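Q: Residue numbering for the sequence shown follows full-length UniProt numbering, starting at 1 and increasing by one per position.
One structure, as structure tokens, below. Some questions next.
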Amino acid sequence: MAAKKPTIQTALRDIEPLSQQSLFPLHHRVYVVLYRKLMEGSFQPDEPMPTEAELSEVFGVSRITLRTAMKRLESEGLIRRLRGRGTFPLAAPIRAAMQSTAVRRNQVSLAFKTQVRIVGYETVDASPVMAEQLGVPVDAPLLRIERVRSDTRSAISHSVCLLPAEFARFLPRRQLGTLPVSAALEAAGVELHDFDEHLNACAADETAAEALGVDIGTPLLSMLRIARDAAGRVVERLMVVYRPDRYEYFLSYSAESLRQGEHALHLSVRDLAPPAAGTE
Numbered sequence: 001m002a003a004k005k006p007t008i009q010t011a012l013r014d015i016e017p018l019s020q021q022s023l024f025p026l027h028h029r030v031y032v033v034l035y036r037k038l039m040e041g042s043f044q045p046d047e048p049m050p051t052e053a054e055l056s057e058v059f060g061v062s063r064i065t066l067r068t069a070m071k072r073l074e075s076e077g078l079i080r081r082l083r084g085r086g087t088f089p090l091a092a093p094i095r096a097a098m099q100s101t102a103v104r105r106n107q108v109s110l111a112f113k114t115q116v117r118i119v120g121y122e123t124v125d126a127s128p129v130m131a132e133q134l135g136v137p138v139d140a141p142l143l144r145i146e147r148v149r150s151d152t153r154s155a156i157s158h159s160v161c162l163l164p165a166e167f168a169r170f171l172p173r174r175q176l177g178t179l180p181v182s183a184a185l186e187a188a189g190v191e192l193h194d195f196d197e198h199l200n201a202c203a204a205d206e207t208a209a210e211a212l213g214v215d216i217g218t219p220l221l222s223m224l225r226i227a228r229d230a231a232g233r234v235v236e237r238l239m240v241v242y243r244p245d246r247y248e249y250f251l252s253y254s255a256e257s258l259r260q261g262e263h264a265l266h267l268s269v270r271d272l273a274p275p276a277a278g279t280e
């Protein structure tokens with residue numbers, strides 16, 4: 001059965017009234033949730049976002065609180081307000097730098113040291129932002145895979161992967177192990193040619209906070225990755241947020257390698273727990 005077209009109701013379905021018991025101001029927590037929704041393309045750019053009254057009711061906050069959050073989003077160029085028409089989302093930044101082969105090796109190595117819990121596995125329709133990033137028509141069916149990666153200490157990352165539905169046959173839920181989705185695709189015979197990545201900082205919204213075991217508003221490392229095949233067709237769009245106390249992105253290069261366009265980039269799980277008594 002085809003997934004339903006994204007609507008305001010579906011965009012807001014996982015938002016619950018905010019608790020008053022938090023160290024972070026309500027307007028900041030509203031901002032964090034809406035920021036994440038905008039980055040995920042939950043709102044269609046050609047349609048107005050929910051009204052202040054609707055958002056205030058969903059979040060359980062006053063209109064003054066809601067307006068403070070919206071003004072911040074507007075100042076950051078994420079939304080625009082048109083008098084008499086409503087508030088519209090603007091496209092999220094998606095350009096990134098090339099990923100090296102060394103990164104792929106490190107990602108696979110990391111996979112064997114961690115465990116993965118599948119949070120969601122479903123078919124969704126492409127929003128305009130998703131369609132642009134994956135090069136598919138709006139409302140085209142996409143496979144959405146949501147996972148949480150962890151080790152014996154704690155959660156490390158929360159990811160949402162989107163792929164054209166035609167690739168679903170290579171990724172049956174029962175066979176999704178700890179490998180990155182891109183590695184699982186390659187193992188199934190799908191040739192990936194190049195990767196673009198965009199790294200940024202973000203604050204944990206309620207979904208990420210629950211998945212990673214951190215407080216709402218905690219600073220996180222975010223990564224948006226676009227993978228393409230040899231024909232330039234987008235195969236995968238991956239959005240991941242990491243706990244910075246458990247993960248690092250380390251770039252090493254020499255002046256000569258920089259001139260030649262070569263570098264080595266290493267990914268690793270960080271173990272920052274204090275040493276046990278009697279150890280160094």
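We treat Cβ as the ideally placed atom computed from N, Cα and C, and that holds for glycine.
Please read these numbers as outputs of a predicted model, since none were measured by experiment.
According to DSSP, simplified to helix, strand and coil, what is ASN182?
A: Checking the sequence shown, residue 182 turns out to be Ser, not Asn. SER182: helix per DSSP, three-state reduction.
Q: With DSSP collapsed to three states, give me the class of THR87.
A: Note: THR87 maps to strand in three-state DSSP.
Q: Could I get the ranges of all uninterrupted alpha helix (DSSP H) runs contained in the stretch 184-242, with 4 residues as the minimum, in chain order?
A: Complete alpha helix (DSSP H) runs here, min 4: 206-212.
Q: Following a CB-centred definition, is ARG36 positioned closer than 7 Å to any heavy atom of the ligand ZN?
A: The ligand content of the structure shown is nil, which means the ligand ZN is not present either.
Q: Excluding the five sequence neighbours on either side, which residues of its own chain have a C-beta within less than 8 Å of the C-beta of GLU186, listed in chain order?
A: Hits under 8 Å: LEU192.
Q: Just to confirm my understanding: we take GLY213, look at its own chain, exclude 5 residues before and 5 after, and list those with CB closer than 7 Å. What are they?
A: These residues qualify, in order along the chain: SER154 and ALA155.
Q: Helix, strand or coil for ILE145, going by three-state DSSP, please let me know.
A: Strand, per DSSP.
Q: Taking SER157 and SER42 to be in contact with their CB atoms under 8 Å, please state how far apart those CB atoms are, rounded to whole angstroms.
A: About 20 Å separates the two Cβ atoms, so there is no contact after all.
Q: Quick one: using the 10 Å Cβ neighbour count with 16 as the cut-off for buried, is GLN175 buried or exposed?
A: The residue in question, GLN175, is exposed, as its Cβ has fewer than 16 Cβ neighbours within 10 Å.
Q: Who does ARG80 pair with in a DSSP beta bridge?
A: PHE88, per the DSSP bridge assignment.
Q: Is it true that the CB of GLU236 sits closer than 8 Å to the CB of SER182?
A: Against a cut-off of 8 Å, the Cβ pair of GLU236 and SER182 comes out as a contact.
Q: Just the C-alpha distance for residue 290 and ARG72, rounded to the nearest angstrom, thanks.
A: No answer is possible for residue 290: the residues shown for the chain start at 1 and end at 280.
Q: Which of helix, strand or coil does DSSP assign to ILE64?
A: The answer is helix: DSSP assigns ILE64 an H, G or I state.
Q: Does the stretch 160-170 come close enough to the stretch 75-86 to have 3 or more Cβ pairs within less than 8 Å?
A: Result no; under three Cβ-Cβ pairs closer than 8 Å.
Q: Is it buried or exposed, SER222, if we count other Cβ atoms within 10 angstroms and call 16 or more buried?
A: It counts as buried.
Q: Can you find at least 3 beta carbon pairs, one from the stretch 113-121 and one from the stretch 136-151, that sit closer than 8 Å?
A: The stretch 113-121, when compared against the stretch 136-151, does touch it at the 8 Å Cβ threshold.
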